[in-house]
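I have placed the structure first, in the form of structure tokens, so that the comments after it can refer back to it.
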Amino acid sequence: MLKITLPDGSIREFEGAVSAHDVALDISEGLARVALAARINDKLCDLSEMIEEDSTVSIITFKSDEGPEIFWHSSAHIMAQAVQELFPNVKVTIGPAIENGFYYDFDIDEAFTEADLEKIEKKMLEIAKGKHAYTREELPRNEALKMFQEMDEPYKVEILSEIPEEETISVYKQDKFVDLCRGPHMQNTGLLKAVKLLKTSGAYWRGDEKNKMLKRIYGISFPSKKELKVYLNNLEEAKKRDHRKLGKELDLFSVSDDIGAGLILWHPNGAMMRHLIESFWKEEHIKSGYKLVYTPHIGKSTLWETSGHLGFYNEGMFSAIEVEGQDYYLKPMNCPFHIAIYNSTKRSYRELPLRLGELGTVYRYERSGTLHGLMRVRGFTQDDAHIICTPEQLDGEVERLIDFSLNILKKFGFKDMDIYLSTKPEKSVGEDADWEKATESLRKSIEKAGLEYKVDEGGGAFYGPKIDIKIKDALNRSWQCTTIQFDFNLSTRFDMEYIGADNQPHRPFMLHRALLGSIERFFGTLIEYHAGNFPVWLCPVQVQVLPISDQYIDYAKEIQDKLLQAGIRADIDMRDERIGYKIREAEMKKIPYMFIAGGKEKENGTVSVRRHTKGDLGALSVEDALKAVKDELDSE
RNA sequence: GCCGAAGUAGCUCAACGGUAGAGCAAGUGAUUUGUAAUCACUAGGUUGGGGGUUCGAUUCCCUUCUUCGGCUCCA
Numbered sequence: 154m155l156k157i158t159l160p161d162g163s164i165r166e167f168e169g170a171v172s173a174h175d176v177a178l179d180i181s182e183g184l185a186r187v188a189l190a191a192r193i194n195d196k197l198c199d200l201s202e203m204i205e206e207d208s209t210v211s212i213i214t215f216k217s218d219e220g221p222e223i224f225w226h227s228s229a230h231i232m233a234q235a236v237q238e239l240f241p242n243v244k245v246t247i248g249p250a251i252e253n254g255f256y257y258d259f260d261i262d263e264a265f266t267e268a269d270l271e272k273i274e275k276k277m278l279e280i281a282k283g284k285h286a287y288t289r290e291e292l293p294r295n296e297a298l299k300m301f302q303e304m305d306e307p308y309k310v311e312i313l314s315e316i317p318e319e320e321t322i323s324v325y326k327q328d329k330f331v332d333l334c335r336g337p338h339m340q341n342t343g344l345l346k347a348v349k350l351l352k353t354s355g356a357y358w359r360g361d362e363k364n365k366m367l368k369r370i371y372g373i374s375f376p377s378k379k380e381l382k383v384y385l386n387n388l389e390e391a392k393k394r395d396h397r398k399l400g401k402e403l404d405l406f407s408v409s410d411d412i413g414a415g416l417i418l419w420h421p422n423g424a425m426m427r428h429l430i431e432s433f434w435k436e437e438h439i440k441s442g443y444k445l446v447y448t449p450h451i452g453k454s455t456l457w458e459t460s461g462h463l464g465f466y467n468e469g470m471f472s473a474i475e476v477e478g479q480d481y482y483l484k485p486m487n488c489p490f491h492i493a494i495y496n497s498t499k500r501s502y503r504e505l506p507l508r509l510g511e512l513g514t515v516y517r518y519e520r521s522g523t524l525h526g527l528m529r530v531r532g533f534t535q536d537d538a539h540i541i542c543t544p545e546q547l548d549g550e551v552e553r554l555i556d557f558s559l560n561i562l563k564k565f566g567f568k569d570m571d572i573y574l575s576t577k578p579e580k581s582v583g584e585d586a587d588w589e590k591a592t593e594s595l596r597k598s599i600e601k602a603g604l605e606y607k608v609d610e611g612g613g614a615f616y617g618p619k620i621d622i623k624i625k626d627a628l629n630r631s632w633q634c635t636t637i638q639f640d641f642n643l644s645t646r647f648d649m650e651y652i653g654a655d656n657q658p659h660r661p662f663m664l665h666r667a668l669l670g671s672i673e674r675f676f677g678t679l680i681e682y683h684a685g686n687f688p689v690w691l692c693p694v695q696v697q698v699l700p701i702s703d704q705y706i707d708y709a710k711e712i713q714d715k716l717l718q719a720g721i722r723a724d725i726d727m728r729d730e731r732i733g734y735k736i737r738e739a740e741m742k743k744i745p746y747m748f749i750a751g752g753k754e755k756e757n758g759t760v761s762v763r764r765h766t767k768g769d770l771g772a773l774s775v776e777d778a779l780k781a782v783k784d785e786l787d788s789e
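Numbering-wise, the numbering used here comes out as the position in the first sequence, counting from 1, plus 153.
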């Protein structure tokens, strides 16, 4: 048992050996995936370092009197100066601090090469060494406008020209560089001691693809070389968790050029895991009062006209398939089909709430540049459900939904998640009063569950407010999993009704929800979250039986048989190889349990148990070994 | 789709104007093994596809597909 003191003073206890990374995962501050560094007993260390008993650990983003945001924003200014000095024809635009580092967008025709980045890094350190003070100057907008016009910086002029004339604006100067900026900045450039420009990319001016594409440089900087080294190491470690890399190594899935981009092939190992996820999902849904349905993968154009998808979602749909003069579309969403089931008969308030669930496979046209492993694909299966209820049932439904969702996610070991409440956007359909009621219902439910959340003002869909739960990948990128969305649009478009106690027709409330989001994306985040070391219940092979040599294969088969009888997925490595080799292979496949069977074991009716990530656990009777596996399964 | 980078054996990579190599994996044989790699041999490639320049292209150019990092978009 390890006792570790966390930054807030609380004490956490851990079973077995833990690394700083394990602790980082345990602190849900959103930076667990790529915490910049850890401090163990006040010593800066790598996240892969093991922690000793009674340690004090803090996961830090920075070691500086300046907050990272100020530091990185100031670094962006230094980069802009360096680029301006090295490439005089460049036009500067904007350059903020981001979660891990900073970027700056430049207007320049030629692309930045790797060699350019190195030159820029050198120049930045040179500027930093000059210990130039950052000075703030306030001046009337018109004067600033004139100044930037003279400097021939059209992007700065564009920003200024949108500010009312009577306002005063601020500019920051360091060395020879002047930038329009609100600040604040650090005292002088000398605090920057280490910088790495990580990557370049294109970025549209003001994020609008109708505008010119600028060249963006991303970088990270620190007040010491050691911190940069630790950060880069952690980045390397994070890359090892990439679901695409692990997907190949563990033989879980692939994509084939011949089949098409963004279309996933689930290999036997991945398919077994998917089967386990889906079976669990179905059982839980049935227990929670859902009715499972199946619906077709294509539907007639008239359906999509009624739903409105051909209007507002046309760009996300695959083109039509013509059959006997009638256009059919691959479904990008399951909703119209579920609604068709609802509308197939006259509904009474006594039937509500009606919860229709389906693992529904949908196809969406995603632009080629946006595809990303399992996270963004063109064909995927949503764990979709639509809850149709009366206005009075709303609060209760949302509450049990959040509870249900968190319970499901918990089973997969997720602890570190971000919750967002998205409210009414400018363009929307539905009555204001309904929006109000729905939004409040969502808010109350999150608060009642005691969850922390962020509000995304105006971030809702045009058809209703929503709650999203996002999980971060190995590189700290957020991916939306759970989404709970109101829909004021489709219920009207499809003229959904129920007959109330008053014998009058009423419009029901409808909620869309997907808890895992899509099976593909969920699987991707699952792989990265656990770095391939899945909970035992999800492992395609839970126990690998390893006979020491040919003569113990029979004994190994006996053991395997007992395991299979007990419902445990067990394989035997019968190859003519040494035990060290078989162990290595099983370890690399991240199989949780290895049962080693040789002469000693056969004689005593035991197996030598080895647990992945823990090592040799010694000999146990076959029954006890089996019980150890079952106990772990029960605790998950 | 846009800005950039990249595609060589199943995997990880090398060679770079003179028709491709290594390690691991695979196959065969020897070995019968005690907690992260036993040895030997064998086979494996129209260097993503198509076109061009050249006496000759994996290498240079064009085009197309796919992948990667971003932008935009989103489960």
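Each residue gets a CB set at the ideal place from its N, CA and C atoms; glycine is no exception.
The model shown is predicted, which means the values in this text are computed figures rather than measured ones.
Original post:
Among the residues of its own chain, which have a CB less than 8 Å from the CB of Tyr481, if the five just before and after it don't count?
Top reply: Here residue 481 refers to the residue found at position 328 of the first sequence. If we look at Tyr481 and ignore the five residues flanking it on each side, its Cβ neighbours are Ile451, Gly452, Lys453, Ser454, Ala473, Ile474 and Glu475.
Subject >> Local conformation of Glu776 per DSSP, three classes >> reply: Residue numbering aside, residue 776 sits at position 623 when the first sequence is read from its first letter. Three-state result, Glu776: helix.
**OP:** Pick out whichever of Phe748, Val696 and Tyr682 has its Cα sitting closest to the Cα of Leu399.
**Re:** Sequence index remark: in the first sequence, residue 399 carries index 246 (1-based). Ranking Phe748, Val696 and Tyr682 by Cα distance to Leu399 puts Tyr682 first.
Original post:
Near Val775, what residues of its chain come up, given a Cβ to Cβ distance below 7 Å and the 5 sequence neighbours on each side ignored?
Top reply: Numbered from 1 along the first sequence, position 622 holds the residue referred to as residue 775. Same-chain partners within the cutoff: Ile712, Lys715, Gly758, Thr759 and Val760.
Original post:
Which residue's Cα is closest to the Cα of Leu643: Met470, Asp404, His420 and Ala493?
Top reply: The sequence position of residue 643 within the first sequence is 490, counting from 1. Leu643 has its Cα closest to that of Ala493, out of Met470, Asp404, His420 and Ala493.
Subject >> C-beta contact flag for Pro723 and Val696 at 8 Å >> reply: The count along the first sequence starts at 1 and reaches residue 723 at position 570. The count along the first sequence starts at 1 and reaches residue 696 at position 543. The sequence given here has Ala at residue 723, not Pro. Yes. Within cutoff.
**OP:** State the DSSP-derived secondary structure class of Asp218, mapped to helix, strand or coil.
**Re:** Against the first sequence, residue 218 aligns to sequence position 65. With a pLDDT of only 43 at Asp218, under the threshold of 50, the placement of this residue in the model should not be trusted; the figure read from the coordinates follows. In this structure, Asp218 counts as coil in the three-state DSSP scheme.
**OP:** Taking all protein chains shown into account, decide if Leu717 is buried (16 or more other Cβ within 10 angstroms of its Cβ) or exposed.
**Re:** Here residue 717 refers to the residue found at position 564 when the first sequence is read from its first residue. Answer is exposed; the Cβ neighbour count stays below 16.
Subject >> Contacts around Thr321, its chain only, beta-carbon distance under 8 Å, and the 5 residues preceding and following it disregarded >> reply: Position 168 of the first sequence holds residue 321. Hits under 8 Å: Glu291, Leu292, Pro293 and Arg294.
Original post:
Closest by CA to Tyr447, which one among Leu512, Ala772 and Met727?
Top reply: Locating residue 447 in the first sequence gives position 294, where the first residue counts as 1. Taking only the C-alpha atoms, the option nearest Tyr447 is Leu512.
**OP:** Give the range of the alpha helix (DSSP H) segment to which Ser354 is assigned.
**Re:** As a working mapping, residue 354 is identified with position 201 in the first sequence. It is not in any alpha helix (DSSP H) - Ser354 instead sits in the beta strand (DSSP E) that spans Ala347 to Tyr357.
Subject >> Residue environment, Leu418, which counts as buried when at least 16 other CB atoms sit within 10 Å >> reply: Mapped onto the first sequence, residue 418 falls at position 265. With fewer than 16 other Cβ atoms within 10 Å, it is exposed.
Original post:
In this structure, does DSSP put Asn757 in helix, strand or coil?
Top reply: Counting from one through the first sequence, the residue named residue 757 turns up at place 604. The answer is helix: DSSP assigns Asn757 an H, G or I state.
**OP:** Please state whether DSSP places Lys601 in a helix, a strand or coil.
**Re:** Translated into positions along the first sequence, residue 601 becomes position 448. Lys601: helix per DSSP, three-state reduction.
**OP:** Assign Asp663 to one of two classes, buried (16 or more other C-beta atoms within 10 Å of its C-beta) or exposed (fewer than that).
**Re:** Stepping through the first sequence from its first residue, residue 663 is reached at position 510. Sequence check: residue 663 is Met here, not Asp. Buried, since its Cβ has 16 or more Cβ neighbours within 10 Å.
**OP:** Measure the C-alpha to C-alpha separation of Asn852 and Glu468 and round it to an integer number of angstroms.
**Re:** With the chain running from 154 to 789 in the structure shown, residue 852 is simply not present.
Original post:
Phe167 by DSSP, collapsed to three states: which one?
Top reply: Residue 167 sits at position 14 when you count from the first residue of the first sequence. Reduced to three states, the DSSP call for Phe167 is strand.
**OP:** Tell me, please, whether the segment 300 to 307 touches the segment 377 to 397 by the rule of three or more beta-carbon pairs shorter than 8 Å.
**Re:** no
**OP:** Grab me the residues of Val171's own chain with a C-beta within less than 8 Å of its C-beta, minus the 5 sequence neighbours each way, in chain order.
**Re:** For this step, residue 171 is matched to residue 18 along the first sequence. The answer, listed in chain order, is Leu155, Ile157, Met203 and Ile204.
Original post:
Which class does Ala188 belong to by DSSP, given the choice of helix, strand or coil?
Top reply: Here the question's residue 188 lines up with position 35 in the first sequence. The predicted position of Ala188 is uncertain, since its pLDDT is 45 and thus under 50; no value can be drawn from it.
**OP:** Could you check if Tyr443 is buried or exposed, using at least 16 other CB atoms within 10 Å of its CB as the buried criterion?
**Re:** On the first sequence, position 290 is the one that residue 443 refers to. Buried, since its Cβ has 16 or more Cβ neighbours within 10 Å.
**OP:** Within its chain, find whatever has a CB closer than 6 Å to the CB of Glu610; leave out the 5 residues flanking it on each side and keep chain order.
**Re:** In the first sequence, the residue the question calls residue 610 occupies position 457. If we look at Glu610 and ignore the five residues flanking it on each side, its Cβ neighbours are Thr576.
**OP:** Kindly identify the DSSP beta-bridge partner or partners of Val331.
**Re:** Residue 331 sits at position 178 when you count from the first residue of the first sequence. Partner(s): Lys326.
Original post:
Taking Cβ positions, are Lys607 and Phe639 nearer each other than 8 Å?
Top reply: By 1-based counting over the first sequence, the position of residue 607 is 454. By 1-based counting over the first sequence, the position of residue 639 is 486. No, the pair does not count as a contact, with Cβ atoms beyond the cut-off.
Original post:
Among residues of its own chain, excluding the 5 on either side of Leu604, which ones have a beta-carbon nearer than 7 Å to its beta-carbon?
Top reply: Start at 1 with the first residue of the first sequence, and residue 604 comes out as number 451. Hits under 7 Å: Ile572.
Original post:
Are the segment 400 to 412 and the segment 304 to 316 in contact at 8 Å, needing three or more beta carbon pairs?
Top reply: no
Original post:
Between Glu390 and Asp328, what straight-line distance do the alpha-carbon atoms span, to the nearest angstrom?
Top reply: In the first sequence, the residue the question calls residue 390 occupies position 237. In the first sequence, the residue the question calls residue 328 occupies position 175. When rounded, the distance between both Cα atoms is 38 Å.
Subject >> Backbone CA spacing between Ile312 and Cys334 [nearest angstrom] >> reply: Position 159 of the first sequence, counting from 1, holds the residue named residue 312. Position 181 of the first sequence, counting from 1, holds the residue named residue 334. So the alpha carbons of these two residues sit roughly 11 Å apart.
Original post:
Name the DSSP beta bridge partners of Lys244, please?
Top reply: In the first sequence, the residue the question calls residue 244 occupies position 91. For Lys244, which the question treats as bridged, DSSP gives the partners Asp260.
**OP:** Taking only the alpha-carbon atoms, compute the straight-line gap between Met741 and Lys244 and give it to the nearest angstrom.
**Re:** By 1-based counting over the first sequence, the position of residue 741 is 588. By 1-based counting over the first sequence, the position of residue 244 is 91. Their Cα atoms are separated by approximately 50 Å.
Original post:
When burial is assigned at 16 or more other CB atoms within 10 Å of the CB, is Asn487 buried or exposed?
Top reply: Taking the first sequence and counting its residues from 1, one reaches residue 487 at position 334. Per the 10 Å Cβ criterion, buried.
**OP:** Using a threshold of 8 Å, state whether the C-beta atoms of Phe471 and Tyr502 are closer than that.
**Re:** In the first sequence, the residue the question calls residue 471 occupies position 318. In the first sequence, the residue the question calls residue 502 occupies position 349. No, the pair does not count as a contact, with Cβ atoms beyond the cut-off.
Subject >> Gln535 in three-state terms, based on DSSP >> reply: Sequence index remark: in the first sequence, residue 535 carries index 382 (1-based). Strand.
Original post:
Between which two residues does the alpha helix (DSSP H) harbouring Met366 extend?
Top reply: In the first sequence, the residue the question calls residue 366 occupies position 213. Here Met366 belongs to no alpha helix (DSSP H); instead the beta strand (DSSP E) covers Met366 to Phe375.
Original post:
What does DSSP give as the partner residues of Lys607 in its beta bridges?
Top reply: Numbered from its first residue, the first sequence carries residue 607 at position 454. Tyr573.
Subject >> Residue from Thr246, Trp632 and Leu595 whose Cα sits closest to the Cα of Met366 >> reply: Along the first sequence, read from residue 1 onward, the residue named residue 366 stands at position 213. Among Thr246, Trp632 and Leu595, the Cα nearest to that of Met366 is on Thr246.
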